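Trainee:
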Amino acid sequence: MKHLPLLWLILVARTLSEPVQVPFQDPPSSRIAPEATGVISNPEKVKDQTYDYIIAGGGLTGLTIAAKLLDHQDKFNVLVIENGYYGSEYGPIIDDLNTYGEIFGSTVDHAYETSPQIHKRVEIIRSGNGLGGSTLINGGTWTRPHRDQVDSWEHVFGNKGWNWDSLKTYMDEIEKPRDPTKDKDVTEGHHHPYNPDCHNSKPDEGKVEVGARDRKTNWSPLIFALMQTANETTGAPYQQDLCCGVPYGVSMFLNTLTKEQVRTDAARSWLEPVLRNDSIKNRITVLTGQLVGKVNLDLDSTEKEGPKYKAKGVEFGTHRKEGWSFNVTAKEEVLLAAGSTISPLILQYSGIGPTDVLTNPKVKIEQKIDLPVGLNMQDQTTTTVMARTTPEGNGQGQVAYFATFEEVFGEHAEYYKSLVNHNETLREWAAETVAGGGFHNQSALFLQYVNYQNWLLGKNNVSYAELFLDTDNHIHIDLWNLLPFTRGYVKILNNDPYLRSFEYNPRYFQNKLDLYGQAAASRLARKLTRSGKMKQFFGEETLPGELLPDDASLEDWARYVKQNFRGNYHGVGTCSMMKKELGGVVDENAKVYGVKNLRVVDGSIPPTQVSSHVMTVFYGMAVKISGAILKDYNDKK
Numbered sequence: 001m002k003h004l005p006l007l008w009l010i011l012v013a014r015t016l017s018e019p020v021q022v023p024f025q026d027p028p029s030s031r032i033a034p035e036a037t038g039v040i041s042n043p044e045k046v047k048d049q050t051y052d053y054i055i056a057g058g059g060l061t062g063l064t065i066a067a068k069l070l071d072h073q074d075k076f077n078v079l080v081i082e083n084g085y086y087g088s089e090y091g092p093i094i095d096d097l098n099t100y101g102e103i104f105g106s107t108v109d110h111a112y113e114t115s116p117q118i119h120k121r122v123e124i125i126r127s128g129n130g131l132g133g134s135t136l137i138n139g140g141t142w143t144r145p146h147r148d149q150v151d152s153w154e155h156v157f158g159n160k161g162w163n164w165d166s167l168k169t170y171m172d173e174i175e176k177p178r179d180p181t182k183d184k185d186v187t188e189g190h191h192h193p194y195n196p197d198c199h200n201s202k203p204d205e206g207k208v209e210v211g212a213r214d215r216k217t218n219w220s221p222l223i224f225a226l227m228q229t230a231n232e233t234t235g236a237p238y239q240q241d242l243c244c245g246v247p248y249g250v251s252m253f254l255n256t257l258t259k260e261q262v263r264t265d266a267a268r269s270w271l272e273p274v275l276r277n278d279s280i281k282n283r284i285t286v287l288t289g290q291l292v293g294k295v296n297l298d299l300d301s302t303e304k305e306g307p308k309y310k311a312k313g314v315e316f317g318t319h320r321k322e323g324w325s326f327n328v329t330a331k332e333e334v335l336l337a338a339g340s341t342i343s344p345l346i347l348q349y350s351g352i353g354p355t356d357v358l359t360n361p362k363v364k365i366e367q368k369i370d371l372p373v374g375l376n377m378q379d380q381t382t383t384t385v386m387a388r389t390t391p392e393g394n395g396q397g398q399v400a401y402f403a404t405f406e407e408v409f410g411e412h413a414e415y416y417k418s419l420v421n422h423n424e425t426l427r428e429w430a431a432e433t434v435a436g437g438g439f440h441n442q443s444a445l446f447l448q449y450v451n452y453q454n455w456l457l458g459k460n461n462v463s464y465a466e467l468f469l470d471t472d473n474h475i476h477i478d479l480w481n482l483l484p485f486t487r488g489y490v491k492i493l494n495n496d497p498y499l500r501s502f503e504y505n506p507r508y509f510q511n512k513l514d515l516y517g518q519a520a521a522s523r524l525a526r527k528l529t530r531s532g533k534m535k536q537f538f539g540e541e542t543l544p545g546e547l548l549p550d551d552a553s554l555e556d557w558a559r560y561v562k563q564n565f566r567g568n569y570h571g572v573g574t575c576s577m578m579k580k581e582l583g584g585v586v587d588e589n590a591k592v593y594g595v596k597n598l599r600v601v602d603g604s605i606p607p608t609q610v611s612s613h614v615m616t617v618f619y620g621m622a623v624k625i626s627g628a629i630l631k632d633y634n635d636k637k
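Shown next, in the form of structure tokens:
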């Protein structure tokens with residue numbers, strides 16, 4: 001689908017020839033702007049300047065890395081270029097996690113459109129647009145992945161040092177947790193678990209505040225009822241800390257919240273402390289309302305072997321005409337942190353990407369490096385089961401059931417296990433994915449599938465689906481298949497980076513296992529609402545309700561799910577971190593293959609999906625990569 005920025009639409013309405021010159025405006029006032037001398041919107045103040053580091057994107061990873069770089073003793077100057085503003089008119093909605101979803105469709109939401117999917121409809125992908133990125137609009141859930149998943153980044157994909165023990169160190173470092181079992185401000189009667197070994201041992205030194213979400217009303221009995229019902233139905237454990245490297249079973253969890261129940265987005269956690277610090281705030285410039293169009297590359301004549309090109313800076317602006325696009329130079333490095341949708345587009349506009357994308361007649365960009373940029377996209381799908389509750393079931397609370405492959409498929413488990421355990425089937429799936437444009441190398445994708453095979457059929461309880469119950473006086477279960485085998489892509493459709501015309505195609509359910517896994521998880525959710533301890537609080541199902549009979553088969557559920565799903569907004573993999581021969585775009589230090597001084601540092605780089613909400617992973621990644629950036633700088637000295 002084509003994506004046209006609002007500014008361009010306004011210009012088209014005025015003239016189809018030359019852009020209309022209008023004065024640049026300061027961003028709307030916000031909680032940041034009054035004291036943020038480093039937050040500006042006038043590109044004239046930045047053009048043709050030189051900074052030590054340029055970061056494209058002011059979201060989770062961009063602001064985290066900026067803050068870590070500013071800690072260095074050599075007093076770097078850092079430029080962050082962010083497409084969005086904060087959008088202060090939505091402040092109260094952003095700050096309150098209980099209003100999740102109300103911000104969707106506003107200026108703080110990119111609202112990317114997919115190409116038509118399996119149900120012949122376009123899906124909207126929610127993505128934060130402003131200082132803080134998607135931490136401004138997400139649900140704030142704080143869990144960590146399975147240790148086997150992170151370990152595979154090292155032993156399967158060749159990323160030295162990327163294992164659970166290493167990443168846990170960084171995930172611990174950034175968080176500022178409050179133990180809900182000892183927090184007297186949390187309403188009594190909750191069922192929160194907490195294992196201090198799985199969190200920052202020096203919580204006061206952390207940056208991202210996390211604690212119990214509490215609406216200050218009674219907790220719903222549905223919380224414990226789901227724990228008991230799942231345990232009785234499938235044998236799943238409950239009340240286990242979901243940050244310990246084995247997210248499995250039914251548990252409550254922490255959220256990104258201050259003690260006063262205010263959202264702790266990335267700007268609040270990382271940017272605001274910088275802007276309040278007189279010793280460092282003058283060394284950061286945050287330019288809002290501007291797009292990074294491409295990375296400016298030079299041939300690197302100093303290297304006889306190794307990278308052929310060197311990143312010297314970026315082009316940015318709102319229009320390709322002179323006076324509307326500008327250049328800025330990076331003395332040390334360019335860091336792409338624009339997210340798993342936009343970072344690959346920036347690389348493609350820079351001449352780094354697949355041949356078929358760059359030679360498209362409507363694109364015709366000189367290819368500098370042939371890399372599978374934009375491929376290997378992995379997003380999850382969501383369906384919902386809803387019901388009214390009896391008055392006795394009213395109350396607040398959220399709880400997640402991380403279910404294994406066998407628990408999800410139930411009586412059908414043996415058949416679907418046999419599919420996943422059959423290597424020839426995995427090879428067929430890999431061939432179908434390559435033919436559909438989701439990946440470029442069948443044998444390398446087969447290795448990814450074998451990795452998933454080991455997770456799903458192993459004995460370490462790697463979760464396959466998440467069933468997320470939000471009570472608040474009703475039964476509302478959103479659920480998603482955590483580990484899709486489908487692979488999609490994102491690619492540019494012309495050569496003007498400021499039009500942002502691109503195709504976003506997750507190819508949802510193009511793998512049959514993904515469809516039937518989503519169907520089975522949906523069916524399990526319905527079953528749980530009507531079983532065991534949950535049954536006494538069950539009123540009347542409102543979704544799917546009469547659309548599916550009580551005795552609906554798995555085939556019935558699959559037909560329903562195919563027409564009634566949405567994306568889960570957790571896309572990863574479009575600039576995958578892995579060995580180049582396996583389909584990598586960046587190496588273990590997040591450096592783009594073939595280019596000096598250029599890294600991708602955001603959700604584009606995880607090579608796999610994980611059985612977790614992704615914030616903890618991205619924060620840990622950002623801090624780990626910051627260390628690699630500073631090590632390279634120190635080594636050069």
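The opening position of the sequence shown corresponds to residue 1 in the UniProt record's numbering, with each subsequent residue numbered one higher.
We treat Cβ as the ideally placed atom computed from N, Cα and C, and that holds for glycine.
Note that the coordinates shown come from a computational prediction; the quantities given were computed from them, not determined experimentally.
#1: Starting from the Cα of residue 191, find the closest Cα among 175, 204, 228 and 157 and give me that residue.
#2: So, helix, strand or coil for residue 80, using DSSP?
#3: For residue 260, report the span of its alpha helix (DSSP H) as first-last.
#4: Can you tell me whether DSSP reads residue 599 as helix, strand or coil?
#5: CA-CA distance, residue 23 and residue 56?
#6: May I have a chain-ordered list of the alpha helix (DSSP H) segments no shorter than 4 residues that lie completely inside the stretch 237-314?
#7: Please classify residue 372: does DSSP put it in a helix, a strand, or coil?
#8: Could you tell me if residue 82 is buried or exposed, where buried requires 16 or more neighbouring beta carbons within 10 angstroms of its beta carbon?
#9: How is residue 108 classed by DSSP in three states: helix, strand or coil?
#10: Rounded to a whole number of angstroms, what is the C-alpha to C-alpha distance between residue 64 and residue 447?
#11: What are the start and end residues of the alpha helix (DSSP H) that includes residue 155?
#12: Report the residue from 221, 311, 79 and 574 whose alpha carbon sits nearest the alpha carbon of residue 504.
#13: Are there 16 or more other CB atoms within 10 angstroms of the CB of residue 114, so buried, or fewer, so exposed?
#14: Less than 8 Å between the beta carbons of residue 379 and residue 568, yes or no?
#15: Classify residue 265 as buried or exposed, calling it buried when 16 or more other Cβ atoms lie within 10 Å of its own Cβ.
#16: Quick check: the Cα distance between residue 500 and residue 552, rounded to an integer number of angstroms?
#17: Please name the residue or residues paired with residue 481 in a DSSP beta bridge.
#18: When we look at the beta-carbon of residue 148 and count the other beta-carbons within 10 Å, is it buried (16 or more) or exposed?
#19: Hey, how far is the Cα of residue 211 from the Cα of residue 357?
#20: So is residue 263 buried or exposed if we call it buried at 16+ other beta carbons inside 10 Å?
#21: Looking at the structure shown, is residue 388 part of a helix, part of a strand, or coil, going by DSSP?
#22: Can you tell me the Cα-Cα spacing of residue 200 and residue 319, whole angstroms?
#23: Is it buried or exposed, residue 155, if we count other Cβ atoms within 10 angstroms and call 16 or more buried?
#24: Could you tell me whether the stretch 529-542 touches the stretch 420-440, using the rule of 3 or more Cβ pairs below 8 Å?
#25: Where does the unbroken beta strand (DSSP E) through residue 541 begin, and where does it stop?
#26: Just the C-alpha distance for residue 511 and residue 485, rounded to the nearest angstrom, thanks.
#27: Quick one: what does DSSP say residue 495 is sitting in, helix, strand or coil?
#28: Determine, using beta carbons only, whether residue 84 and residue 138 come nearer to each other than 8 Å.
#29: Quick one: what's got a C-beta closer than 7 Å to residue 489's C-beta in the same chain, skipping five residues either side?
#30: Between residue 334 and residue 311, is the Cβ-Cβ spacing less than 8 Å?
#31: Going by DSSP, what residue range makes up the beta strand (DSSP E) through residue 646?
#32: Can you give me the Cβ contacts of residue 36 inside the same chain, cut-off strictly under 6 Å, excluding the 5 residues immediately before and after it?
#33: By Cβ distance below 7 Å, which residues in the same chain neighbour residue 293 in space, the five residues on each side in sequence not counted?
Mentor: Taking the geometry as given:
#1: 228
#2: strand
#3: Segment: none, residue 260 is in no alpha helix (DSSP H) and carries neither H nor E.
#4: strand
#5: Only weak support is given to the placement of residue 23: the predicted model assigns it a pLDDT of 36, under 50, and the value that follows is read from those uncertain coordinates. Going by the C-alpha atoms only, they are around 24 Å apart.
#6: 272-275
#7: coil
#8: buried
#9: coil
#10: 32 Å
#11: 147-155
#12: 574
#13: buried
#14: yes
#15: buried
#16: 43 Å
#17: 465
#18: buried
#19: 45 Å
#20: buried
#21: strand
#22: 45 Å
#23: exposed
#24: no
#25: 538-543
#26: 6 Å
#27: coil
#28: no
#29: 374, 375, 377, 437, 438 and 505
#30: yes
#31: Residue coverage of the chain in this structure runs from 1 to 637, which leaves residue 646 outside it and unanswerable.
#32: In this prediction, residue 36 has a pLDDT of 42, which is less than 50 and means its spatial position is unreliable; nothing more can be read from the coordinates.
#33: 315, 316, 317, 325, 349, 497 and 498
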